[in-house]
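S.K.: Mind having a look at this structure? Questions to follow.
Residue numbers (the numbering used here): 39 to 199.
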């Protein structure tokens, strides 16, 4: 069955995927119904306070360079996001990467005068790296995958057996 291209479904699917993966680690979260830059509130067992999360989701990788390049994924986010953590989701492969706000800002390769940042990387692992380490490819971001990052962001998190 093909994935949907409806932005509302993509966003809701991303939020639910993040919640599901966190729940598998024993971390509770709740979706918010307002659109104020925060999609989830996460509370790990034993934590002293909740963490706010903004979820950015895409349904699939697309060709970079205006549709003629290698396969890539990317998300836009506001530089002044109120969320403490950003979750970047690729629905076609059920992947979630978690970044603190500072990590997302530092990793984003583009930003506009209007305060929008763009974080992207290639999913095609055959991309040749330049001497400066660019461009980013998916394997460069493994440390940010939810199962790796959640225990650092939510210290009381534990891996399910």
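Here a beta-carbon is modelled for each residue, glycine too, at the ideal position from N, C-alpha and C. Small disclaimer: the values here were computed from a predicted structure and weren't measured.
1) If you run the structure through DSSP and keep just helix, strand and coil, what is residue 198?
2) Taking only runs that begin and end inside the segment 77–143, name each unbroken beta strand (DSSP E) of 3 or more residues, in chain order.
3) Quick check: the Cα distance between residue 55 and residue 168, rounded to an integer number of angstroms?
4) Let me check understanding here. Comparing Cα to Cα, which of 108, 66 and 118 lies closest to residue 138?
5) Figure out for me which residue from 152, 132 and 157 has the closest Cα to the Cα of residue 144.
6) On the DSSP bridge assignment, give the partners of residue 66 in chain order.
7) By Cβ distance, which residues of its chain are closer than 8 angstroms to residue 72, with the 5 residues on each side in sequence left out?
8) Would you call residue 127 buried or exposed, if buried means 16 or more other Cβ atoms sit within 10 Å of its Cβ?
9) Confirm, please, whether the CB-CB distance from residue 136 to residue 63 is below 8 angstroms.
10) Are the beta-carbon atoms of residue 111 and residue 96 separated by less than 8 angstroms?
11) Using alpha carbons as the reference points, say which of 85, 147, 79 and 171 lies closest to residue 69.
M.R.: To lay it out plainly:
1) Its pLDDT being 46, under 50, residue 198 is placed unreliably by the model, and nothing is read from it.
2) 78–81, 89–96, 109–116, 123–128 and 133–138
3) 34 angstroms
4) 118
5) 157
6) 81
7) none
8) buried
9) no
10) yes
11) 79
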